[in-house]
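Under my numbering, think of the first position of the sequence shown as 115, with each following residue one higher. Cβ coordinates follow ideal geometry from the N, Cα and C atoms, glycine included. Computed from a predicted structure; not experimentally measured.
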Amino acid sequence: MANETTTSEINDLMPTIIAEATRKLVQTFDIEDLVRVKKQTGPGRLVDFPYFPASTKAEALAEGNDYTTNFPMTTNKGTATISEVGKKFILTDLAEYSSSEDIVDAISDYARNAIAQKIEYDFISLFAGLTTNYVGTTNTDITLAVLEEALYKLDSSSAPYPWFIVLSPKVWYDLKTAIHATSGAPSNVGEIYKDKLMDMYFVSDFEGVPIYISRQIANDVSGDHICAAFSKEAFGFAYKWLMKIEKERDISLRATEFMATALYGFCEIVDEYGVKITADGV
């Protein structure tokens, strides 16, 4: 066995576990607000997310005329394949009873947040697969024009509301810097004007579209961050369970194993309902 929590490590490990669990919990957004969600209760691992393509508008009818034109109703679908993820922790008896903290609860909290991070990471990994709509340039900071273009592409694709934007902390910082640089505030108005501009447009949303920050977005091979603007109908999230924590005694090790698992899957439902945003991540 390896990587067990031991008495010699517990004093240093406990503050880290508690601090990290709290920080990750605050920083992880609720995935169920951003995508279509289904709980899979039956057998099998495949979950379909059907959708209706954009329909044509109705036509004017003339009294006394038989309307004979038929428009077929068709459906498409995205399919999520659910799979299991998990995290295991081993706590020795001596470590548990030598600690002044509730080490079991701390590890459980840390496990929950480890699962939450994995769910978020799997979600943002879908952004790179968007191929119909894309904006931004590699190794180039994001601009207001890039974000405007992303929303325009959603509009042009008839992407249904609500819409969302997910950026990395670095791209969010560059966007705020661009706002300060281009606000055009007269010199006699000063910083108050700029601060109000930030409050109106960029603290919680951009032109009415909520902005979320994901710390799971990392540099790709070019040093860029792949972000996205998307409709809630763009992606699907299916699950059997989101969190299960079980423990098992290991008598010979004099320890308790804690195993946290989740069973879920993501899929892209409608590609044109999302816009890939490429921006410099360095």
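By DSSP, does residue i sit in helix, in strand, or in coil?
i, result
"Asn179", "coil"
"Leu148", "coil"
"Gln388", "The sequence shown places Gly at residue 388, not Gln. Strand."
"Gly192", "strand"
"Tyr224", "helix"
"Tyr378", "strand"
"Ser272", "coil"
"Lys232", "helix"
"Phe166", "coil"
"Lys290", "helix"
Hey, is residue i close to the ligand MN, as in C-beta under 7 Å from one of its heavy atoms?
i, result
"Gly178", "In the structure on display, the ligand MN does not appear, and there are no ligands present to speak of."
Quick one: what's got a C-beta closer than 7 Å to residue i's C-beta in the same chain, skipping five residues either side?
i, result
"Pro276", "Lys346"
"Glu371", "Lys202, Ile204, Lys361, Glu362, Asp364"
"Val280", "Ile238, Tyr326, Ser328, Cys341, Ala342"
"Asp338", "Thr252, Asn253, Thr392, Ala393, Asp394, Gly395"
"Tyr181", "Leu175"
Mind checking if residue i is an interface residue toward chain C, Cβ cutoff 8 Å exclusive?
i, result
"Pro283", "The structure shown contains no chain C; it holds only a single protein chain."
Going by DSSP, what residues sit across from residue i in a beta bridge?
i, result
"Asp255", "DSSP output for Asp255 lists no bridge partner at all."
"Phe372", "Phe203, Lys361"
"Ala393", "His339"
"Gly250", "Thr392"
Under 6 Å Cβ to Cβ from residue i, same chain only, skipping five residues before and after it: list those, please.
i, result
"Gln330", "Glu234, Tyr235, Ile238"
"Leu356", "Ala376"
"Val161", "Lys152, Gln154, Ala194, Ala352"
"Pro274", "Ser345, Glu347"
"Ile256", "Val285, Asp288, Leu289, Ala393"
"Gly192", "Phe163, Gly350, Cys381, Glu382, Ile383"
Beta-carbon within less than 8 Å of residue i's beta-carbon, same chain only, minus the 5 sequence neighbours each way: which residues are those?
i, result
"Thr155", "Lys354"
"Glu198", "Thr375, Ala376, Leu377"
Pairing CB atoms from the segment 281-289 with CB atoms from the segment 253-269, are three or more of them under 8 Å?
Yes, the segment 281-289 is in contact with the segment 253-269.
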